[in-house]
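Colleague:
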């Protein structure tokens, strides 16, 4: 906890903690979403994320946005944050309205405040590098009045991520964004990795609250007409009036004053079971185990058990997950598309 | 139950119900041996075996040999047999002493009785063909005073079974045994299948009790000196005095008057998880499921669940078994050698 005694950065952390993590079924369920699972280094991803935020900002500078039921679950896990940290979305309308709410709450107290927006369920390390990158981005946002995305240097041709093409340099590790590219095909993604011209969109953003609200006003018709409700503290009315929109589509891809700061840290969105092999320690044969398991002639498996002890013999590249009376056995490849597979299965069963 | 009203055959059924079925771990355990599992068509293999016996013989003509703890478990499952049906082995000394005990008990009441000895955990069908084969063997045993093994025509180059080379013909589907061959290599086994010169040793035997006891007396030094104890009803003394020996090694491979009757039925010893795909129905993709499971893009898997619902996606040729807090995930190939694998794992853990 030595990090907490450092001088806090000048700004706020906003943690987006919505989402139920279907892709970690059966371990994740509506009653226990992904951010409550130990998929990173600590007891839960939300705990890791809050600890990371507290290493950068004072405890009065943290905000968490989630639905009311999720807020109840999360605040039971994270007891040290004050009541004003918890911002409840009355309905889910995507990351756009959630961040508008946070920006409004913060700027009401401190109009020129900068904020870093991050997801509750990512793995980021090391902390020092994260702090350095956020500090650089806050400095850039404050001096340029731009909206910054933190971009991660791709180390593989990941097709599930969004990419940003780097534009004109703005400073050290800092550029304008030329354009956003969503989920490229494998060849295109491989080209990005080799050329070094694109960074992953980590979904971590840094801006001054006032600049975000101004961008929404001018670029985001899904939200702009409802902003006065937010300004008059009618949160329910605001969420009822907006159209669902993500911050990426509604603001970052449209606003003219967008920039990117390159992450000095390693980043993983832990989006699928397969990712556990990157974020958790593996044994000598590349197996990642959370829970009780013994393995013989088994390699490159991802195993998660809660109620049973698993015994794996002579198998390779499997995902084996047992939780809450459900058992999933699939390949690491298939696990990348688990959401679709489960939907297909439900459709075939009905 | 229409079969039971047929004229009973003249003889006794002796069911060998010992053995804990390590190879069906984790579903089989000392407290729930393989013969209590639904691996055949009915609620348990012992139930199938007793029903099959009752279709051939009257209920007073059935004997079951097992240890005291197993007898308690089995007699709770099989309530309709009279008390004298249950023959308790004080200690396990192999199938030789177990069958000597049964033969002695039966011949005390009926000296010239024929008996068919069978295992409690095999799958045999159809019933009519089984009845016809046993009737033929009883007739042959009674008229020739030979010890008969029931042999099954091999339909695959199984290397885990014992084979018998057919000798001089004794009648329809009936031969002397030229010799026994244990667990041949794959090429040899394939040669047997193609040549038609060898049958599988099913472990089902038919003889007159007096002929078995006479063969033990003259060929089986492991048991012969102890026979007088058995004759004076000192069962414990007999089991203490004998050396462990199987009926195959102690009698069938040594006695000069051994024959084989070819089975008209199909036979499976259900020795490994893999066998379930032969003895239980499969779906259109070759999956065998006992318990709750849903499958998508999955083929040729064997799935057994008791406490969880399994979801298999995109996997092939796996054995997935969940029971009693344990989960086994292996390949069908590896499952054939599960006993060895588990022993290796225990050795590595200690």
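Chains as they are written, first to last, in our numbering: chain A, 280 to 629; chain B, 280 to 629. Using N, Cα and C, we set each Cβ at its ideal position, and we do this for glycine too.
Evaluate contact between the region 287–303 of chain A and the region 335–342 of chain A, counting only Cβ atoms and requiring at least three cross-stretch pairs below 8 Å.
Modeller: Touching, per the Cβ criterion.
Colleague: For the region 586–608 of chain A, enumerate the residues whose C-beta is nearer than 8 Å to any C-beta of chain B, in chain order.
Modeller: Those residues of the region 586–608 of chain A that come within reach of chain B (Cβ to Cβ, closer than 8 Å) are 586, 587, 588, 589, 590, 591, 592, 593, 594, 597, 599, 601, 604, 605, 606, 607, 608.
Colleague: State the beta-bridge partners of residue 455 of chain B as determined by DSSP.
Modeller: DSSP, once it has assigned bridges, lists B:538 as partnering residue 455 of chain B.
Colleague: Contact defined as beta carbons within less than 8 Å: I believe residue 478 of chain B pairs with residue 408 of chain B. What is the distance between those atoms, to the nearest angstrom?
Modeller: The pair is not a contact, with the Cβ atoms about 15 Å apart (cut-off 8 Å).
Colleague: In its own chain, which residues sit with a C-beta less than 7 Å from the C-beta of residue 515 of chain B, not counting the 5 before and 5 after it?
Modeller: Only 369 meet the Cβ criterion.
Colleague: For chain A, is any of its Cβ atoms less than 9 Å away from the one on residue 576 of chain B?
Modeller: True, the Cβ-Cβ gap to chain A drops below 9 Å.
Colleague: Is residue 613 of chain B close to chain A, meaning its C-beta is less than 9 Å from at least one C-beta of that chain?
Modeller: Cβ-Cβ to chain A under 9 Å: yes for residue 613 of chain B.
Colleague: Within its chain, find whatever has a CB closer than 6 Å to the CB of residue 617 of chain A; leave out the 5 residues flanking it on each side and keep chain order.
Modeller: Excluding positions up to five away in sequence, the list reads 302.
Colleague: So, is residue 490 of chain B buried or exposed, given that buried needs 16 or more other C-beta atoms within 10 angstroms?
Modeller: Answer is buried; the Cβ neighbour count reaches 16.
Colleague: Output yes or no for whether 9 Å exceeds the beta carbon distance between residue 404 of chain B and residue 545 of chain B.
Modeller: In contact: residue 404 of chain B and residue 545 of chain B (Cβ atoms closer than 9 Å).
Colleague: Under the DSSP definition of a beta bridge, which residues are partnered with residue 431 of chain B?
Modeller: Its beta-bridge partners are B:479.
Colleague: Where do the ends of the alpha helix (DSSP H) carrying residue 467 of chain A lie?
Modeller: Looking at the DSSP string, the run of the alpha helix (DSSP H) that includes residue 467 of chain A is 465–474.
Colleague: Please list, in chain order, the chain B residues whose beta carbon lies closer than 8 Å to that of residue 628 of chain A.
Modeller: Residues of chain B passing the Cβ test: 573.
Colleague: Please report how far the alpha carbon of residue 480 of chain A lies from the alpha carbon of residue 314 of chain A, in whole angstroms.
Modeller: Going from the Cα of residue 480 of chain A to the Cα of residue 314 of chain A covers about 20 Å.
Colleague: Check the Cβ-Cβ distances between residue 620 of chain B and every residue of chain A, and say whether any is below 9 Å.
Modeller: Yes, because at least one Cβ of chain A sits closer than 9 Å to the Cβ of residue 620 of chain B.
Colleague: Just checking: is the beta-carbon of residue 617 of chain A within a distance shorter than 9 Å of some beta-carbon in chain B?
Modeller: Yes, residue 617 of chain A lies at the interface with chain B (some Cβ there is under 9 Å from its Cβ).
Colleague: Helix, strand or coil, according to DSSP, for residue 529 of chain B in the structure here?
Modeller: Residue 529 of chain B: helix per DSSP, three-state reduction.
Colleague: Where does residue 316 of chain B sit, in a helix, a strand or coil, going by DSSP?
Modeller: Residue 316 of chain B falls in the coil class under three-state DSSP.
Colleague: Kindly indicate if chain B contains any beta-carbon less than 9 Å away from that of residue 309 of chain A.
Modeller: No, its Cβ sits nowhere closer than 9 Å to a Cβ of chain B.
Colleague: Relative to the C-alpha of residue 571 of chain A, which candidate in A:584, A:394, A:563, A:350 has its C-alpha closest?
Modeller: Residue 571 of chain A has its Cα closest to that of A:584, out of A:584, A:394, A:563, A:350.
Colleague: Could you check whether the Cβ of residue 433 of chain A sits closer than 9 Å to any Cβ belonging to chain B?
Modeller: Residue 433 of chain A does not count as touching chain B.
Colleague: Does the separation of the CB atoms of residue 590 of chain B and residue 352 of chain A fall below 9 Å?
Modeller: Not in contact: residue 590 of chain B and residue 352 of chain A (Cβ atoms no closer than 9 Å).
Colleague: Any beta carbon from chain C within less than 9 Å of residue 302 of chain B's own beta carbon?
Modeller: Reference to chain C is not applicable here, since the protein chains of this structure are A and B.
Colleague: Just to confirm the assignment, what range does the alpha helix (DSSP H) spanning residue 376 of chain B have?
Modeller: Looking at the DSSP string, the run of the alpha helix (DSSP H) that includes residue 376 of chain B is 374–388.
Colleague: What is the rounded straight-line gap between the Cα of residue 539 of chain A and the Cα of residue 307 of chain A?
Modeller: Residue 539 of chain A and residue 307 of chain A: Cα-Cα distance of roughly 32 Å.
Colleague: Taking the alpha-carbon of residue 372 of chain A as reference, which of A:392, A:391, A:567, A:519 has the nearest alpha-carbon?
Modeller: Here the closest residue by C-alpha is A:519.
Colleague: Is DSSP giving residue 517 of chain B helix, strand or coil here?
Modeller: Note: residue 517 of chain B maps to helix in three-state DSSP.
Colleague: Are the region 436–451 of chain B and the region 385–397 of chain B touching by the rule of at least three beta carbon pairs closer than 8 Å?
Modeller: Taking 8 Å as the limit for Cβ pairs, the verdict is that the region 385–397 of chain B does not touch the region 436–451 of chain B.
Colleague: Going along chain A, which residues have a C-beta under 7 Å from residue 623 of chain B?
Modeller: Going along chain A in sequence order, the residues near residue 623 of chain B (Cβ under 7 Å) are 575.
Colleague: For chain A, is any of its Cβ atoms less than 9 Å away from the one on residue 390 of chain B?
Modeller: Output row for residue 390 of chain B: interface = no.
Colleague: Which full runs of the beta strand (DSSP E) of 3+ residues lie inside the region 301–363 of chain B, going along the chain?
Modeller: Those beta strand (DSSP E) runs which fall completely within the region 301–363 of chain B and span 3+ residues are 341–346.
Colleague: Take residue 587 of chain B and list the residues in its own chain whose beta-carbon comes closer than 6 Å to its own, dropping the five residues that flank it on each side.
Modeller: Result list for residue 587 of chain B: 601, in chain order.
Colleague: Kindly list, in the order they appear in chain B, the residues whose Cβ is closer than 9 Å to that of residue 610 of chain A.
Modeller: Going along chain B in sequence order, the residues near residue 610 of chain A (Cβ under 9 Å) are 592, 593, 594.
Colleague: Compile a chain-ordered list of the residues in the region 544–575 of chain A whose CB is closer than 8 Å to at least one CB of chain B.
Modeller: Cβ contacts with chain B: 573, 575.
Colleague: Our contact map puts residue 623 of chain B next to residue 575 of chain A with C-beta atoms below 8 Å; I'd like the distance itself, whole angstroms only.
Modeller: Yes, they are in contact, since the Cβ atoms of residue 623 of chain B and residue 575 of chain A sit about 6 Å apart, within 8 Å.
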